[in-house]
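Quick note: the sequence shown uses the working numbering, first residue 873, plus one each step.
Below is one structure; the comments refer to it alone.
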Amino acid sequence: FTKERVCLIGSGNWGSVVCKIIGQNVLKHSNQFEPEVRLWVFEELFNGEKLTTLINREQENPKYLPGHKLGPNIKATPDLLEACQDATVLVFVLPHQFVPSVCDKMTGHIASNAKAISLIKGLEINAEGVTLFSEEISRRLGINVASLSGANIANEVAEEKFCETTIGCKGEEKEGEMFFNLFNTPYFRVNVIRDSAGVELCGALKNVVAVGAGLSDGLGYGSNTKAAIVRRGLLEMRKFGQTFFGDVVQTETFFESCGVADLLTTCMGGRNRKVSEAFIKTGKPIDVLEKELLNGQKLQGTLTAKEVNEFLTARNMVKDFPLFTTVYRIIYQGLEPEAIVRDI
Ligand code: NAD
Ligand code: 13P
873 FTKERVCLIG SGNWGSVVCK IIGQNVLKHS NQFEPEVRLW VFEELFNGEK
923 LTTLINREQE NPKYLPGHKL GPNIKATPDL LEACQDATVL VFVLPHQFVP
973 SVCDKMTGHI ASNAKAISLI KGLEINAEGV TLFSEEISRR LGINVASLSG
1023 ANIANEVAEE KFCETTIGCK GEEKEGEMFF NLFNTPYFRV NVIRDSAGVE
1073 LCGALKNVVA VGAGLSDGLG YGSNTKAAIV RRGLLEMRKF GQTFFGDVVQ
1123 TETFFESCGV ADLLTTCMGG RNRKVSEAFI KTGKPIDVLE KELLNGQKLQ
1173 GTLTAKEVNE FLTARNMVKD FPLFTTVYRI IYQGLEPEAI VRDI
């Protein structure tokens, strides 16, 4: 029996929080995991010093998660291949737009017995088709990939405020148990289910609904309006899943943390909501607001709205998803914001 060696691919806001959780859990389950956790960092300078140097010296990510210690057993490296060398568990936690380029670099350089889990909230989507990132990573690297998604605003999890999350794992039961041990804590409660596709779809599509919620907030509409957007959004999320992925996506999954709970928290307290509200209030473009308000963190919902629209347009189905379509048109086509209630 060899112990699992864990590597995180990504070290942003959520990546850093998850790194802290994993760092503690590998020590707790020392019979199952090697104590050192490798953290691949997209290198950049922070206050004139390399981020990796700072993380390794201060045991903290001062840019993406200031004020929280990641732990002494974390080894940050800017070298992707060094990070994933010999790793048997790969945790993908990147903004979705960077996944293809990162996977390209990893191809042919990972351990043959590696398995992975994707914490990415987004879809690999274009006019030709829609692919889950777990499938995409699996196809590119030739390994099994589970998924994790839930009502998990990173800064709240970092403060150890109670929440739940969902792991979707189609593999053997012992793989689900291994991921449970890697992530579960008293304040971060994991439920493992088999509908991995549903878990991922929820995580990606709720971001588009959250953009709609932010537009509504920006217009000064109330809680009732936002609740209506959330309800219709949930229906479109399920319809999208069942139309394009069929029966593998289970209705029950929408009642897990990855479903309705994540939709609610993102529509109340997430970055997509915040930036979309500012889009209405300031009239500034989304990319400008992303830079001004998020300090290097990345939005997923506006890009996903665009990708989903491209996909639906190619199938002549935009009318079947009025909320997704209206969000896209307001953000990208200059449609008047009031359409967020008028056109859905
Ligand atoms: P983030 O939004 O903090 O993004 C910044 C990260 O992207 C940094 O690590 C940065 O170094 C990296 N980056 C910038 N340019 C890059 C490039 N060219 N190539 C590779 N990396 C680059 O990231 P995050 O919050 O860790 O989010 C990762 C995923 O987790 C997203 O899909 C997000 O939706 C999801 N998620 C986020 C939260 C949250 O509250 N932050 C919670 C749950 C899930
Ligand atoms: P935002 O990216 O909108 O902040 O959502 C974070 C999240 O996914 C919470 O679960």
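Built from N, CA and C at the ideal position, the CB exists for glycine as well.
On a predicted model such as this, the values are computed, not experimentally measured, just so you know.
Item: Extent of the continuous alpha helix (DSSP H) run through alanine 1076; Value: 1068-1090
Item: Inter-residue Cα distance where the pair is threonine 924 and glutamate 916; Value: 8 Å
Item: Span of the beta strand (DSSP E) around valine 1064; Value: 1060-1065
Item: Buried or exposed (CB count within 10 angstroms, at least 16 for buried), glutamine 1172; Value: buried
Item: Per-residue DSSP class, three states only, for threonine 1038; Value: strand
Item: Whether valine 1062 touches asparagine 1056 by CB criterion (7 Å); Value: yes
Item: Contact belief for isoleucine 992 with glycine 1084 at Cβ below 8 Å, rounded distance in angstroms; Value: Actually they do not touch by this definition, with Cβ atoms about 21 Å apart.
Item: Buried versus exposed, by CB contacts within 10 Å (16 or more), phenylalanine 1112; Value: buried
Item: Rounded C-alpha distance that separates valine 864 from valine 1064; Value: Because residue 864 is not part of the residues shown, which for the chain are 873 to 1216, the question remains open.
Item: Whole runs of the alpha helix (DSSP H) within the segment 921-972, excluding any shorter than 4 residues; Value: 923-930, 952-956
Item: C-alpha distance - glutamate 1045 paired with lysine 947, whole-angstrom precision; Value: 30 Å
Item: Opposing strand residues paired with threonine 1057 [DSSP bridges]; Value: Phe1060
Item: Contiguous alpha helix (DSSP H) assignments of at least 4 residues, all confined to the segment 1086-1170; Value: 1095-1117, 1134-1141, 1143-1154, 1158-1166
Item: Lining residues of the ligand 13P - beta-carbon closer than 5 Å to any non-hydrogen atom, in sequence order; Value: Asn1024, Ile1025, Asp1134, Thr1138, Gly1142, Arg1143, Asn1144
Item: Heavy atom of the ligand NAD within 6 Å of serine 883 beta-carbon; Value: yes
Item: Contact check, proline 944 vs phenylalanine 918, beta carbons under 7 Å; Value: no
Item: Opposing strand residues paired with alanine 988 [DSSP bridges]; Value: Leu962, Val1017
Item: Valine 1017 and serine 1010 closer than 7 Å at C-beta; Value: yes
Item: Continuous alpha helix (DSSP H) stretch holding threonine 1197: start and end; Value: 1194-1205
Item: Cut-off 6 Å between Cβ atoms - residues of its own chain near glycine 882, not counting five sequence neighbours on either side; Value: Val965, Leu966
Item: C-alpha distance - asparagine 928 paired with glycine 884, whole-angstrom precision; Value: 15 Å
Item: Glutamate 1028 - containing alpha helix (DSSP H), residue span; Value: 1026-1030
Item: Exposure of phenylalanine 873, with buried meaning 16 or more beta-carbon neighbours within 10 Å; Value: exposed
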